[in-house]
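Okay, so here's the structure we're looking at.
In UniProt numbering, the protein residues as written are 1 to 109.
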C-alpha cells in the first residue's frame with residue numbers, strides 16, 4: 001500500500017490537527033507533520049492544502065515580520081476550522097475502526 005495515496009485523503013485533517021493548539025507558517029507546519037510521522041508529505045501538498053483550507057474559510061492568516069528573511073504568513077484555526085476538525089476527526093475515527101475490525105477478522109481466518 002502506498003502511504004502517499006493514504007496521505008492525500010487525510011492531509012486536510014492532519015493540517016487542521018497540527019494547527020489545533022498552535023498557529024504556524026508553511027514550513028513550520030510541514031516540519032511538524034513530518035515530526036509526527038508523516039515523512040512522505042510534500043512541500044507543495046502542504047502549501048496547497050493551506051491555501052485551500054484558507055479559501056474555504058477554515059483558517060485565518062496573518063503576517064509576522066522576520067529579522068532573518070521575508071515576512072512569514074501564519075495560519076490559525078478559526079471556529080469553522082475547529083468544527084471541521086471535530087467532524088472530520090469523527091469520520092476518520094469511524095473509518096479507522098472499521099478498517100481495524102476488517103483487518104482483525106482477516107487475521108483470525
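For every residue, glycine included, the Cβ atom is placed at its ideal position computed from N, Cα and C.
Keep in mind that this is a model prediction, so the values were computed, not measured.
Could you spell out the range, first to last residue, of the beta strand (DSSP E) harbouring residue 66? Per DSSP, residue 66 belongs to no beta strand (DSSP E) and is neither H nor E.
Outcome for residue 37 when other beta-carbon atoms lying within 10 angstroms are tallied against a minimum of 16: Per the 10 Å Cβ criterion, exposed.
What does the alpha-carbon distance come out to for the pair residue 23 and residue 103? Rounded to the nearest angstrom, the two C-alpha atoms are 36 angstroms apart.
If you scan the UniProt domain "Transcription regulator PadR N-terminal" (15-87) from start to end, which runs of the alpha helix (DSSP H) of 4 or more residues do you find wholly inside it? For the UniProt domain "Transcription regulator PadR N-terminal" (15-87), whole alpha helix (DSSP H) runs of length 4 or above, ordered along the chain, are 26-35, 43-55.
Can you confirm whether the segment 50-67 touches the segment 79-97 when touching is taken to mean that 3 or more C-beta pairs between the two stretches lie within less than 8 angstroms? The segment 79-97 makes contact with the segment 50-67: 3 or more CB pairs, one atom from each, lie closer than 8 angstroms.
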